Amino acid sequence: MSQSGNTADVNQATAPEEHSLKDDLKDLQFSEVYDLNQRTIEDTYADGPLIQDVAPLSLLRSEYEANDNHVFVKEIDWLINNGYHDFRRVKGDGDCFYRAIGFAFFTRLIQNPDKDLAVVTTLSTLMATANLLEETGIEKLVYEDFYTEMEALIRWVVVPREGKSILTIDGLLEYFRDPEGSNVVVVYLRLVTASYIKAHVEDFENFLFHPETRELMSVPDYCNRVMGLGKEADHVEIMALCDAFRWNVEVAYLGGHSKDAINFVKIPDAPYPGFDPVFLLYRPGHYDILLK
C-alpha cells in the first residue's frame with residue numbers, strides 16, 4: 001500500500017503581502033486556523049443532531065463571510081463553481097470522521113443501481129473484517145454485537161427489518177441521529193481501523209504521531225487511542241479504514257491557505273472497483289459530508 005502523496009499539507013503558510021486576518025488567513029499558524037474554525041463550528045453545530053439535513057454550501061460560505069474569513073470563502077466558492085453545491089453537517093464530537101464516512105457509505109449503498117450485488121459484496125467485506133478483528137486479538141465477545149448490528153443494517157438496504165420498510169435515506173438519517181444506532185457504526189469502524197493498523201504495522205509504524213505532542217507513538221498506544229470514542233481521526237486512520245473496507249474516499253481540504261483550487265486527497269491512490277467515491281469536507285479539526 002502506497003502512502004506517498006496522500007497526506008494533505010494543511011500546515012503550509014506563505015507570507016501574504018499584507019498581514020490582515022480580515023483579508024487573508026494564510027499567514028496564520030495551523031493551531032490558530034484550527035481555533036478560529038472550531039469557534040465557527042461550535043457556533044453553528046452546538047444544538048444540532050448528529051447528522052443534519054442537506055444544506056447548500058452557500059450557507060457555510062455565508063457563515064465564514066460573516067466572520068471575515070475570506071480565504072475560506074474563496075475555497076468554498078471554488079467548490080461551488082466545480083459542482084459541489086451541498087453538504088451535511090456532522091456533529092463535532094470527536095467522532096465526526098467515522099460518523100460521516102459511515103453515513104456517506106450507506107447512502108452510496110442505498111443509491112447503488114445494483115443494490116443486491118452491492119449488498120452481497122459489502123457483506124463479504126464485513127465478514128473479512130470480523131476475521132481481521134480476531135486475528136489481531138479482539139475477542140468475539142467484544143465485537144459480536146456491533147458486527148451483528150452492522151450486518152443487519154447492510155441487509156436492511158434490500159430486506160425490510162421487522163416492522164419497517166426497506167432502508168431509505170430518510171430511514172438512514174433517523175438511524176444515524178439516534179446515538180445508540182449511530183455509535184454502533186462508529187465503534188465497529190474504530191475497531192476495524194485499529195485492527196488493520198495492527199495487521200499492517202510495516203505500512204504505518206513510522207506515521208503514528210500523537211495529535212497533540214506530535215511524538216511518535218507505539219502501535220498499541222496508538223491503536224488504543226483509535227478505539228476510544230470522541231478521539232479525532234487522522235490521515236493514517238482514514239487510509240487504514242478505507243483499505244479494510246475497500247472504500248473510495250475523496251477529501252476536500254479547506255485550510256484557509258488556497259487561492260486557486262481545493263486540494264482533494266483521493267484514498268486510496270488507486271480506487272477500488274465497484275463503488276463510486278464518497279466525498280468528505282475537511283476543515284481543521286472537523287469532517288462533514290460533501291455532496292455533488
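Mapping of the sequence shown onto UniProt numbering: residues 1 to 292, in sequence order. Note that CB positions come from ideal geometry on N, CA and C, so glycine has one too. Since this is a predicted model, take the numbers as computed values, not measurements.
* Asked: Leaving out the 5 sequence neighbours to the left and right, which residues in its chain are closer than 6 Å to Val251 when beta-carbon positions are compared?
  -> Here residue 251 corresponds to residue number 251 of the sequence shown, with the count starting at 1. Result list for Val251: Val265, Leu280, Tyr282, in chain order.
* To do: Alpha carbon to alpha carbon, how far is Glu75 from Asn263? Give it in angstroms, no decimals.
  => Working through the sequence shown from its first residue, we reach residue 263 at position 263. Working through the sequence shown from its first residue, we reach residue 75 at position 75. C-alpha separation (whole angstroms): 10 Å.
* To do: Give the straight-line distance between the Cα atoms of Asp27 and Phe72, rounded to the nearest whole angstrom.
  => If you number the sequence shown from 1, residue 27 lands on position 27. If you number the sequence shown from 1, residue 72 lands on position 72. Bear in mind that a pLDDT of 42 at Asp27, under 50, signals an unreliable position, so the model cannot answer this.
* **Beta-carbon proximity of Asp114 to Val158, cut-off 7 Å** => On the sequence shown, position 114 is the one that residue 114 refers to. On the sequence shown, position 158 is the one that residue 158 refers to. With respect to Val158, Asp114 sits apart: the two C-beta atoms are not nearer than 7 Å.
* Does Thr125 come within less than 7 Å of chain C when only Cβ atoms are used? -> Judged by its chain identifiers, the structure shown contains no chain C, having just a single protein chain.
* Asked: Does DSSP classify Leu191 as helix, strand or coil?
  -> Taking the first residue of the sequence shown as 1, we reach residue 191 at position 191. Residue state, collapsed to three classes: helix.
* Asked: What runs of the beta strand (DSSP E), each 3 residues or longer, lie entirely inside the stretch 198 to 254?
  -> Counting only runs that start and end inside the stretch 198 to 254, the beta strand (DSSP E) elements of at least 3 residues fall at 249 to 253.
* To do: Measure the Cβ-Cβ separation of Tyr143 and Leu290 and say whether it is below 7 Å.
  => The residue you call residue 143 lines up with position 143 of the sequence shown. The residue you call residue 290 lines up with position 290 of the sequence shown. Their beta carbons are not under 7 Å apart, which means Tyr143 does not touch Leu290 by this criterion.
* Separation of Thr168 from Leu216, as counted between CA atoms -> Working through the sequence shown from its first residue, we reach residue 216 at position 216. Working through the sequence shown from its first residue, we reach residue 168 at position 168. If I take the Cα positions, the gap works out to 43 Å.
* Asked: Leaving out five residues before and five after Ala240 in sequence, what residues of the same chain have Cβ atoms less than 6 Å from its Cβ?
  -> By 1-based counting over the sequence shown, the position of residue 240 is 240. Counting only Cβ-Cβ distances below 6 Å, and skipping sequence neighbours, we find Thr193, Tyr196, Ile197.
* Run of the beta strand (DSSP E) containing His286, from where it starts to where it stops -> Numbered from its first residue, the sequence shown carries residue 286 at position 286. Where His286 is concerned, the enclosing beta strand (DSSP E) stretches over 286 to 291.
* Asked: Beta-carbon separation of Ala244 and Thr129 under 7 Å?
  -> Position 244 of the sequence shown, counting from 1, holds the residue named residue 244. Position 129 of the sequence shown, counting from 1, holds the residue named residue 129. Against a cut-off of 7 Å, the Cβ pair of Thr129 and Ala244 comes out as a contact.
* **Cα-Cα separation between Arg246 and Thr107, rounded to whole angstroms** => Here residue 246 refers to the residue found at position 246 when the sequence shown is read from its first residue. Here residue 107 refers to the residue found at position 107 when the sequence shown is read from its first residue. Those two C-alpha atoms are separated by around 16 Å.
* **Per-residue DSSP class, three states only, for Tyr282** => For this step, residue 282 is matched to residue 282 along the sequence shown. Three-state DSSP puts Tyr282 in a strand.
* Of all the alpha helix (DSSP H) runs that stay within the bounds of the stretch 87 to 117, which reach a length of 4 or more residues? -> Counting only runs that start and end inside the stretch 87 to 117, the alpha helix (DSSP H) elements of at least 4 residues fall at 96 to 111.
* **Residues bridged to residue 297 (per DSSP)** => Look at the range of the chain in this structure, 1 to 292, and you will see that residue 297 is not part of it.
* Residues sharing a beta bridge with Val54, DSSP -> Working through the sequence shown from its first residue, we reach residue 54 at position 54. Paired residues: Arg88.
* To do: State whether the stretch 169 to 189 contacts the stretch 46 to 56, with contact taken as three or more CB pairs (one from each stretch) at a distance under 8 Å.
  => Touching, per the Cβ criterion.
* When you compare only the Cα positions, how much space is there between Ile238 and His70? -> Residue mapping note: residue 238 aligns to position 238 of the sequence shown, counting from 1. Residue mapping note: residue 70 aligns to position 70 of the sequence shown, counting from 1. Computed Cα separation, rounded: 29 Å.
* **Residue nearest to Asp53 in terms of C-alpha spacing, selected from Asn67, Arg88, Tyr64, Asp68** => Within the sequence shown, the letter at position 53 stands for residue 53. When only C-alpha atoms are compared, the closest one is Arg88.
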